[in-house]
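A.B. asks:
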Amino acid sequence: MKVFKFGGASVKDANAVRNVSDILSLFDGEKITVVVSAMGKTTNKLEEVVNASANRDRKMYMALVDDLYDFHIKLLGELFLEKHYAIYNLIDDIFEKLRDRYSETFSDNYSFEYDQIVSLGEVISSHILAAFLFEKGHSAGWADARKLIRTNNLYQEGNVDWAKTEELINTRFLPAFKEFDIQVTQGFIGHTPEGFTTTLGREGSDYTAGIFAHCTNAESVTIWKDVPGMLNADPKWFDNTIKLDSISFKEAIELSYYGASVIHPKTIKPLQNKGIPLYVKSFINPQAEGTTIQASTAKDHLIPSFIFKMDQVLFSFTTKDFSFIVEENLSDIFNRLSSINAKINLMQNSALDFSILLDRSKVNPENIIELFKDSYTVKYNEGLELVTIRHYDQETLDRVTDNKDILLEQKTRQTARLVMKDKG
Ligand code: ASP
564 MKVFKFGGAS
574 VKDANAVRNV
584 SDILSLFDGE
594 KITVVVSAMG
604 KTTNKLEEVV
614 NASANRDRKM
624 YMALVDDLYD
634 FHIKLLGELF
644 LEKHYAIYNL
654 IDDIFEKLRD
664 RYSETFSDNY
674 SFEYDQIVSL
684 GEVISSHILA
694 AFLFEKGHSA
704 GWADARKLIR
714 TNNLYQEGNV
724 DWAKTEELIN
734 TRFLPAFKEF
744 DIQVTQGFIG
754 HTPEGFTTTL
764 GREGSDYTAG
774 IFAHCTNAES
784 VTIWKDVPGM
794 LNADPKWFDN
804 TIKLDSISFK
814 EAIELSYYGA
824 SVIHPKTIKP
834 LQNKGIPLYV
844 KSFINPQAEG
854 TTIQASTAKD
864 HLIPSFIFKM
874 DQVLFSFTTK
884 DFSFIVEENL
894 SDIFNRLSSI
904 NAKINLMQNS
914 ALDFSILLDR
924 SKVNPENIIE
934 LFKDSYTVKY
944 NEGLELVTIR
954 HYDQETLDRV
964 TDNKDILLEQ
974 KTRQTARLVM
984 KDKG
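Under the numbering used here, the first residue of the sequence shown is numbered 564, with each subsequent residue one higher.
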């Protein structure tokens, strides 16, 4: 069995949904699990619905739900010309329940409410896709990931109970392949032992594909994207990007750790454990090669990769009495940072100071100063960029540092990391 994952962009409108059907026709007769995301920007919109509910803004809530309803009904109109099809009722029911939900009290647990509402994007898209595939003559059924993927009660960031999930997938999902060649299910969502819906974290549909593949011992996973494969840099920041033909699981984990955003970071591990290859391919050009992620590290060094993080702020902490930064200070600094959930992009220490790099969008420098002022002097520098180069050489270093002042530099044999700002 193969696992295919189609993200929001690959089902963003009627033509995109038709394209998914065409891609599946290329694999006629094969057993395929299709993991699908919410359509287009539906998840962002549903997040606004949750916020409207939290703010008890009924007007806003209903307006946002109406927008989403219109978007999906228009799409149905383009895909299914016969209005009596069951799919219309199915989608109507989901939206009716969503409208009714406003009147139920919004509990204190924001994350719980979030998951009950935001998960609906995937439920809707999977119903539409399954109905359309069936209509096009595919042997396709629908499967409810909310009954298959078991998580703990950590809403918005559910942790998978692997043993239970494997049992549920084996007993409730796999047998249906006797009836269908294709089973369409939802990315991003699961359920708690009590049966409430959870989500696995934003962009979590890739991870769902990894979970299904791991639990079914699938032959491969393919993530269909609007890019030709994994590129060696984000084209937003870099000209002349190159496609990586083949990289190892290890390299893919490193790249996503440093911030490459092509694959959700949790996706690789369940595949690596079972040696299941992951293909990243273009849904625009499905016959093209794409990128293969597999066990061999032989080709990792062939092409340098560049990962950019913009809008960084570099903080440095010195003790007020100018004593050395020792382990005790470090543990104190980390405790304070973890109390505000700070995610450190890079760190470095010297005898007298300790520096960390954070995303400016996630911290207010004044708050950091306040948090540390009893024991440390804090200085900061903003408007910086962090560049990570995997498999760097002098030429790649020269290329990224052209016209930049370097504030901090770290190198291992394979990875160079530079904190820089434009030459002033
Ligand atoms: N729909 C969810 C999101 O946009 C999950 C996903 O697409 O991976 O974050």
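Idealized CB from N, CA, C, for every residue including glycine.
Note that the structure is predicted; figures quoted are calculated from it, not measured.
Relative to ligand 1, is the shortest distance from any of its heavy atoms to the C-beta of Phe751 smaller than 7 Å?
C.D. replies: Position 188 of the sequence shown, counting from 1, holds the residue named residue 751. For ligand 1, at least one heavy atom lies less than 7 Å from the Cβ of Phe751.
A.B. asks: Which word fits Thr734, buried or exposed, when buried means at least 16 other C-beta atoms lie within 10 angstroms of its C-beta?
C.D. replies: Numbered from 1 along the sequence shown, position 171 holds the residue referred to as residue 734. So Thr734 counts as exposed.
A.B. asks: Relative to the C-alpha of Arg923, which residue among Met625, Met873 and Arg899 is closest?
C.D. replies: Reading the sequence shown from its first residue, position 360 is the one you call residue 923. Measuring from the Cα of Arg923, the nearest candidate turns out to be Met873.
A.B. asks: Taking the CB atoms as reference points, tell me whether Leu711 and Val599 lie closer together than 8 Å.
C.D. replies: Stepping through the sequence shown from its first residue, residue 711 is reached at position 148. Stepping through the sequence shown from its first residue, residue 599 is reached at position 36. No; because the gap between Cβ atoms is not below 8 Å, this pair is not in contact.
A.B. asks: Look at Pro928 and Val982 and say whether their C-beta atoms are less than 8 Å apart.
C.D. replies: Looking up residue 928 in the sequence shown gives position 365. Looking up residue 982 in the sequence shown gives position 419. No; because the gap between Cβ atoms is not below 8 Å, this pair is not in contact.
A.B. asks: At the level of alpha carbons, what is the spacing between Pro791 and Lys844?
C.D. replies: For the purposes of this step, residue 791 is taken as residue 228 along the sequence shown, with counting starting at 1. For the purposes of this step, residue 844 is taken as residue 281 along the sequence shown, with counting starting at 1. Their Cα atoms are separated by approximately 6 Å.
A.B. asks: Looking only at its chain, what residues have a beta carbon closer than 8 Å to the beta carbon of Ala823, apart from the 5 residues adjacent to it on each side?
C.D. replies: Looking up residue 823 in the sequence shown gives position 260. Closer than 8 Å at Cβ, skipping near neighbours: Met793, Asp797, Ser868 and Ile870.
A.B. asks: Does the distance between the C-beta of Ala601 and the nearest non-hydrogen atom of ligand 1 fall short of 7 Å?
C.D. replies: In the sequence shown, the residue the question calls residue 601 occupies position 38. Yes - ligand 1 has a heavy atom lying nearer than 7 Å to the Cβ of Ala601.
A.B. asks: Check this for me: beta carbons of Asp678 and Thr760, under 8 Å apart or not?
C.D. replies: Within the sequence shown, residue 678 is the residue found at index 115, counting from 1. Within the sequence shown, residue 760 is the residue found at index 197, counting from 1. Result yes, Cβ atoms of Asp678 and Thr760 sit closer than 8 Å.
A.B. asks: Would you check if the distance between the CB atom of Ile866 and the CB atom of Ile805 is smaller than 8 Å?
C.D. replies: Along the sequence shown, one-based indexing puts residue 866 at 303. Along the sequence shown, one-based indexing puts residue 805 at 242. Against a cut-off of 8 Å, the Cβ pair of Ile805 and Ile866 comes out as a contact.
A.B. asks: Closer than 7 Å to a non-hydrogen atom of ligand 1 - does that hold for the CB of Thr882?
C.D. replies: If you number the sequence shown from 1, residue 882 lands on position 319. Result no, Cβ not under 7 Å from ligand 1.
A.B. asks: By Cβ distance below 6 Å, which residues in the same chain neighbour Leu934 in space, the five residues on each side in sequence not counted?
C.D. replies: Here residue 934 is taken as the residue at index 371 of the sequence shown, counted from 1. Sequence-distant partners of Leu934 (beyond 5 residues in either direction) whose C-beta falls short of 6 Å from its own C-beta, in its chain, are Arg899.
A.B. asks: Kindly list the residues whose CB is nearer than 7 Å to the CB of Ala858, restricted to its own chain and excluding five residues on each side of it in sequence; keep chain order.
C.D. replies: Here residue 858 refers to the residue found at position 295 of the sequence shown. Closer than 7 Å at the Cβ level, and outside the excluded window around Ala858, lie Ser811, Phe812 and Gly838.
A.B. asks: Which residue from Thr860, Phe775 and Asp956 puts its Cα closest to that of Ile595?
C.D. replies: Counting from 1 along the sequence shown, the entry for residue 595 is found at position 32. Nearest C-alpha to Ile595: Phe775.
A.B. asks: Where does Asn715 sit, in a helix, a strand or coil, going by DSSP?
C.D. replies: Stepping through the sequence shown from its first residue, residue 715 is reached at position 152. Asn715: coil per DSSP, three-state reduction.
A.B. asks: Starting from the Cα of Asn715, find the closest Cα among Phe675, Val747, Ser573 and Glu958 and give me that residue.
C.D. replies: Within the sequence shown, numbered from 1, the residue matching residue 715 stands at position 152. If we check each option's Cα against that of Asn715, Phe675 comes out closest.
A.B. asks: Provide the residue span of the beta strand (DSSP E) that contains Trp787, from first to last.
C.D. replies: Within the sequence shown, residue 787 is the residue found at index 224, counting from 1. Element bounds for Trp787: Ser783 to Lys788.
A.B. asks: Please go through the region 942-982 and give each complete beta strand (DSSP E) segment of 3 or more residues, from N-terminal end onward.
C.D. replies: 967-974
A.B. asks: How long is the line joining the alpha carbons of Ser902 and Thr975, rounded to whole angstroms?
C.D. replies: What you label residue 902 is simply residue 339 of the sequence shown in a count that begins at 1. What you label residue 975 is simply residue 412 of the sequence shown in a count that begins at 1. Cα to Cα, the separation comes out at about 30 Å.
A.B. asks: If we require 3 or more residues per run, which beta strand (DSSP E) segments fall completely within the region 794-877?
C.D. replies: 809-811, 841-845 and 854-857
A.B. asks: If you follow the alpha helix (DSSP H) that Leu609 is part of, which residue opens it and which one closes it?
C.D. replies: Numbered from 1 along the sequence shown, position 46 holds the residue referred to as residue 609. Looking at the DSSP string, the run of the alpha helix (DSSP H) that includes Leu609 is Thr605 to Ala617.
A.B. asks: Which value, in whole angstroms, describes the spacing of the CA atoms of Ile816 and Asn930?
C.D. replies: Position 253 of the sequence shown, counted from the first residue, corresponds to residue 816. Position 367 of the sequence shown, counted from the first residue, corresponds to residue 930. Approximately 32 Å between the Cα atoms of the pair.
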